Every structure is written in C-alpha cells, then in structure tokens.
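If you read the sequence shown in our numbering, its first letter stands for residue 106, the second for the next number, and so on.
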Amino acid sequence: MTDSDILTPRQLLDRLVKFPTVSRESNLALVDWLEGYLTGHGVKCFRHWNEDRQKAALIAHAGPWIEGAVVLSGHSDVVPVEGQAWTTDPWTVTERDGRLYGRGTCDMKGYVALAVWALVQAAQRGVTRPLQLALSYDEELGCTGAPPMIATMQAVVPKGSAALIGEPSGMKIVTGHKGGTGYDVHVKGFEVHSSLLPEGVSAIMEGARLIQWVNDKNAEIMALTPGPVAARFRPPFTTLHVGQIQGGTADNITAADCRFSVEMRCVPGEDPEGRAGEFRAAAMQLDAALKAKRPEAGVHLRKFFDVPPLRPEEQGEAEALARALTGENASGVVSYGTEAGQFQDAGYSAVVCGPGDIAQAHQPDEFLELSEFLTGQRFMERLLERLT
C-alpha cells in the first residue's frame with residue numbers, strides 16, 4: 106500500500122459501520138479487513154480467537170518493540186437493530202445536522218476509527234513510544250471477550266502500561282465505574298390444577314420470593330450511609346435489579362417454570378463476589394425448600410456476566426495522560442461497566458475517555474456528534490505528538 110491508501114478517520118468510520126457486527130454474529134469480516142489494512146501500513150497484528158473460531162479479537166502494535174505502550178481499547182460488536190424505528194440505514198454512516206448516524210457510531214466504532222487512524226500514523230511517523238490497539242469481541246454480552254484477549258496480549262506484544270478505553274464519555278475523563286455480575290435464574294416447579302395448589306409447586310410464586318429478596322436487599326443497602334467512594338456515584342450505592350421474567354402455562358395451573366435475570370452493579374471497594382454469594386445462598390436455601398416438597402422442583406443459576414469495577418487510582422498514569430491530552434482537570438465516575446476494570450486487574454493503569462454520549466448507545470438512530478468526532482481526532486493528534 107502507499108500513503109495515498111491511508112484512510113481518514115471519517116473514511117475508516119464509514120468502512121467499520123458497514124460491517125454488521127451484532128454480537129450474535131461473527132465479526133471476522135471486519136477483523137479480516139482491518140488486519141489487512143493495518144499490516145499493509147506497517148502495523149504488526151495478532152489475533153485471539155474465541156472457542157468456535159467464529160470471532161476474533163485483534164491486537165495491534167505500532168512503534169518500537171518495547172514495553173510501556175499506550176493501549177487504545179475498543180470493542181468490535183454492536184447491539185441489534187431489529188425492532189427499532191430507524192430513519193436512516195443503520196449500516197451506512199449518514200451525516201445530517203452535524204451528526205453522524207449509524208449503528209455503532211457512538212458505541213463505539215467512532216473511537217475505533219480514530220484509534221486505527223492513530224495506529225497507522227504512529228507507524229508512519231516513527232514514534233519512540235509504542236502504541237497498541239486492543240479490539241475485543243462480545244463486550245455487549247457482558248465484557249466476556251476482553252479477559253482472554255488481554256491474556257493473549259501478554260504473550261504476543263510487549264506489555265503496555267496505560268490503557269485508554271474509548272467508551273462514550275463526551276471526551277470527559279472517567280476514573281471509576283461500578284463492577285457487575287449477573288445470573289440467569291430458572292425456578293423449576295411442579296404442575297397441578299390451581300385448585301390443588303398445596304400439592305404442587307408454583308415456580309412463579311416461589312421465584313417471587315427471590316425477587317422479593319432482591320427488593321429487601323436494595324432497601325437494606327439504601328439505608329446505609331455511603332462511603333466516600335460510593336458517594337461519587339449516581340446512585341451512591343450498589344444496586345440489584347430484575348430486568349426480565351417469563352413463566353407459566355395457564356391461569357389455572359401452577360407454573361412449571363419461571364425464568365428471570367438478576368444483575369448486580371457494585372461500587373468500587375465493595376466485593377461483587379460477596380454480594381453474589383449472598384444471592385446464591387438465598388437461591389440455594391429456596392432450592393432446598395422446594396426439593397423437600399417435590400424432588401423435581403428446585404432453583405438453577407447460571408452466571409452470564411462478571412465485570413470488575415474500575416477503581417480510581419492514586420496518581421494513575423492513564424489519568425495523567427488523559428488530562429494532558431484533553432486539558433481537563435476534572436474526572437468523574439459512572440454507573441455503567443466497561444472493559445477498563447479488566448485492564449486494571451491485568452496490571453494496566455486505566456481510564457475511560459471517548460467521544461459520544463452514552464445516552465445514544467443502543468438507541469434507534471444512534472449518532473455521534475461530528476464535533477466530538479473531531480475533538481477525538483485532536484486527542485489522537487496530541488497523543489501522537491507525545492509518542493513522537
């Protein structure tokens with residue numbers, strides 16, 4: 106390839122959005138194209154494959170083969186568009202009234218386009234400190250693709266030191282977020298006619314006991330005085346939530362099955378596994394009670410995500426770098442989760458800072474303000490200057 110083949114950030118965004126990388130589908134078409142583009146411009150690339158090799162994370166390195174790289178972290182997957190009322194083609198970037206519309210423009214292919222542009226520029230300019238890209242899969246399914254990708258990074262590229270996670274934050278610096286874990290719950294009952302209620306087990310009515318446990322636990326937590334870290338969050342405490350429930354056959358039959366999900370979002374400094382352990386204990390207590398009544402009945406749990414919190418760092422390298430690049434003196438915390446805590450747990454200094462408004466993520470007519478995209482490009486320009 107030649108310099109004339111180098112794409113602008115906007116051209117890269119157009120290319121990336123055209124790949125419909127919904128989490129349930131393969132992302133390999135995007136990874137194949139992106140790997141070819143980067144290697145064609147002197148950037149070293151490596152893959153981490155998922156178990157069935159239908160998805161891959163892409164790891165890229167530009168600059169000297171030494172430790173201490175700045176890592177630009179993003180994810181390739183997006184959420185579905187079915188059932189949403191789009192007024193534009195979600196798989197084509199449409200510019201209108203100063204906004205870039207399209208699935209993933211905000212969350213988070215806008216940042217990925219900027220990161221890819223910066224990697225190629227780093228290779229072209231000959232930086233003295235390396236720059237890396239960590240592009241994961243299955244972030245939208247609970248950040249499940251990042252941990253194996255980060256583990257692979259330790260084996261194939263020199264260890265980076267500061268990770269900038271580009272989730273939409275309005276280019277504001279986020280130094281902390283809540284951690285989370287979640288369980289799919291299946292309560293198995295025993296069907297009888299509702300007139301014989303005591304002889305059966307209603308999975309719905311018994312499952313409601315666990316849901317009430319969630320309500321009671323929330324009330325217990327909310328009654329506590331928040332600590333100094335928790336007080337920075339909105340809301341300033343750990344929350345437990347039931348988002349979906351299904352079950353039952355008919356009004357006059359005790360429900361054979363009840364399924365619902367429980368998610369927990371824990372403030373940094375609080376042990377998510379401790380909260381999860383409390384819930385598991387309550388579920389197993391109910392399981393024993395149901396089995397004592399009917400051996401066929403019981404409670405089954407399946408953990409479907411587990412995301413560590415991002416803990417504010419004392420004199421963190423990533424925060425200092427982000428401050429220098431943005432000129433921002435303030436930092437904040439958010440209640441949603443990202444892959445930042447996973448990088449932090451692996452020994453990287455980490456912050457969240459990226460273009461876009463999280464309120465636009467997952468929405469119909471998702472958009473990224475063009476002004477923020479340009480602000481993100483200036484951010485990358487300043488980063489390149491520091492690395493050079």
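The C-beta atom is built at its ideal place from N, Cα and C for all residues, glycine as well.
Predicted, not measured: the structure shown is a model, and the values here were computed from it.
1. Taking a contact to mean a Cβ-Cβ separation below 8 Å, would you say S266 touches A174 in this structure?
2. Could you tell me whether the Cβ atoms of L177 and G284 are closer together than 8 Å?
3. Distance, Cα to Cα, V334 vs P377?
4. Quick check on the burial criterion: 16 or more other C-beta atoms within 10 angstroms. Buried or exposed for R339?
5. When DSSP builds the beta bridges, which residues end up paired with A267?
6. Between which two residues does the beta strand (DSSP E) containing Y288 stretch?
7. To which residues of the same chain is H180 closer than 6 Å at the C-beta, ignoring the five residues directly before and after it?
8. Please go through the same chain and pick out, in chain order, the residues whose beta-carbon is closer than 6 Å to the beta-carbon of V412, but skip the five residues on each side of it.
9. Please report the distance separating the alpha-carbon of L118 from that of V292.
10. Please classify P460 as buried or exposed, where buried requires at least 16 neighbouring CB atoms within 10 angstroms.
11. Can you find at least 3 beta carbon pairs, one from the segment 147-158 and one from the segment 180-193, that sit closer than 8 Å?
12. Can you name the residues that DSSP bridges to M369?
13. Tell me where the alpha helix (DSSP H) around I309 begins and ends.
14. Spatial neighbours of E296 within its chain, please: CB distance less than 8 Å, with the 5 preceding and 5 following residues excluded, ordered by chain position.
15. Under a Cβ-count criterion, where at least 16 other Cβ atoms within 10 Å of its own Cβ denotes burial, should A218 be classed as buried or exposed?
16. Give the straight-line distance between the Cα atoms of N320 and A260, rounded to the nearest whole angstrom.
17. C363 bridges to which residues according to DSSP?
18. Looking at the structure shown, is E200 part of a helix, part of a strand, or coil, going by DSSP?
19. Terminal residues of the continuous alpha helix (DSSP H) containing I164?
20. Are three or more beta carbon pairs between the segment 199-207 and the segment 142-151 nearer than 8 Å?
21. By the DSSP assignment, the alpha helix (DSSP H) with L224 in it spans what residues?
22. Whose C-beta lies closer than 7 Å to the C-beta of E311 among residues of the same chain, with five residues either side of it excluded?
23. What first and last residue would you give for the beta strand (DSSP E) that runs through D494?
24. In the structure shown, what three-state DSSP assignment does R339 receive?
25. Along the beta strand (DSSP E) that carries L238, what are the first and last residues, could you check?
26. Assign K396 to one of three DSSP states: helix, strand, or coil.
27. Beta carbon of S454, beta carbon of E401: below 8 Å?
28. Compare the C-alpha of G141 against each of S131, A445, I164, V122 and name the closest.
29. May I ask which residues mark the beginning and end of the beta strand (DSSP E) holding F472?
Working from what's here:
1. Within the sequence shown, numbered from 1, the residue matching residue 266 stands at position 161. Within the sequence shown, numbered from 1, the residue matching residue 174 stands at position 69. In contact: S266 and A174 (Cβ atoms closer than 8 Å).
2. Here residue 177 refers to the residue found at position 72 when the sequence shown is read from its first residue. Here residue 284 refers to the residue found at position 179 when the sequence shown is read from its first residue. The answer is no: Cβ separation not under 8 Å.
3. On the sequence shown, position 229 is the one that residue 334 refers to. On the sequence shown, position 272 is the one that residue 377 refers to. Spanning the two alpha carbons is a distance of roughly 15 Å.
4. Within the sequence shown, the letter at position 234 stands for residue 339. That one is exposed.
5. Taking the first residue of the sequence shown as 1, we reach residue 267 at position 162. Paired residue(s): V175, S454.
6. As a first step, residue 288 must be located in the sequence shown, where it is residue number 183. Element bounds for Y288: 284-293.
7. By 1-based counting over the sequence shown, the position of residue 180 is 75. Correct list, in chain order: S241, E244.
8. What you label residue 412 is simply residue 307 of the sequence shown in a count that begins at 1. Take V412, set aside five residues on each side of it, and the residues of its chain with a beta-carbon closer than 6 Å to its own are C248, G284, G285, G442, in chain order.
9. Looking up residue 118 in the sequence shown gives position 13. Looking up residue 292 in the sequence shown gives position 187. Answer to the nearest angstrom: the Cα atoms are 45 Å apart.
10. Taking the first residue of the sequence shown as position 1, residue 460 is located at position 355. P460 is buried by the Cβ-count criterion.
11. no
12. Translated into positions along the sequence shown, residue 369 becomes position 264. The partner list for M369 (beta bridge, DSSP) reads T286, L345.
13. Against the sequence shown, residue 309 aligns to sequence position 204. Where I309 is concerned, the enclosing alpha helix (DSSP H) stretches over 308-327.
14. Numbered from its first residue, the sequence shown carries residue 296 at position 191. Excluding sequence neighbours, E296 sits near G305, T354, I358, T359, A360, A361.
15. For this step, residue 218 is matched to residue 113 along the sequence shown. A218 should be labelled buried.
16. Here the question's residue 320 lines up with position 215 in the sequence shown. Here the question's residue 260 lines up with position 155 in the sequence shown. Answer to the nearest angstrom: the Cα atoms are 45 Å apart.
17. By one-based count along the sequence shown, residue 363 stands at place 258. C363 is bridged to V292, G352.
18. Taking the sequence shown and counting its residues from 1, one reaches residue 200 at position 95. Strand.
19. The count along the sequence shown starts at 1 and reaches residue 164 at position 59. Where I164 is concerned, there is no enclosing alpha helix (DSSP H), although the beta strand (DSSP E) it sits in stretches over 161-167.
20. No: fewer than three Cβ pairs fall under 8 Å.
21. What you label residue 224 is simply residue 119 of the sequence shown in a count that begins at 1. Start and end: 215-230.
22. As a working mapping, residue 311 is identified with position 206 in the sequence shown. Hits under 7 Å: V292, G294, L391, L395.
23. Since the displayed the chain opens at 106 and closes at 493, residue 494 lies outside it and no answer follows.
24. The residue given as residue 339 occupies position 234 in the sequence shown. In this structure, R339 counts as coil in the three-state DSSP scheme.
25. Residue numbering aside, residue 238 sits at position 133 when the sequence shown is read from its first letter. Here the beta strand (DSSP E) through L238 covers 236-241.
26. On the sequence shown, residue 396 is found 291 positions in, with the first residue counted as 1. Note: K396 maps to helix in three-state DSSP.
27. Here residue 454 corresponds to residue number 349 of the sequence shown, with the count starting at 1. Here residue 401 corresponds to residue number 296 of the sequence shown, with the count starting at 1. Not closer than 8 Å, so no.
28. Start at 1 with the first residue of the sequence shown, and residue 141 comes out as number 36. With distances taken between Cα atoms, G141 lies closest to I164.
29. Mapped onto the sequence shown, residue 472 falls at position 367. F472 -> beta strand (DSSP E) spans 472-474.
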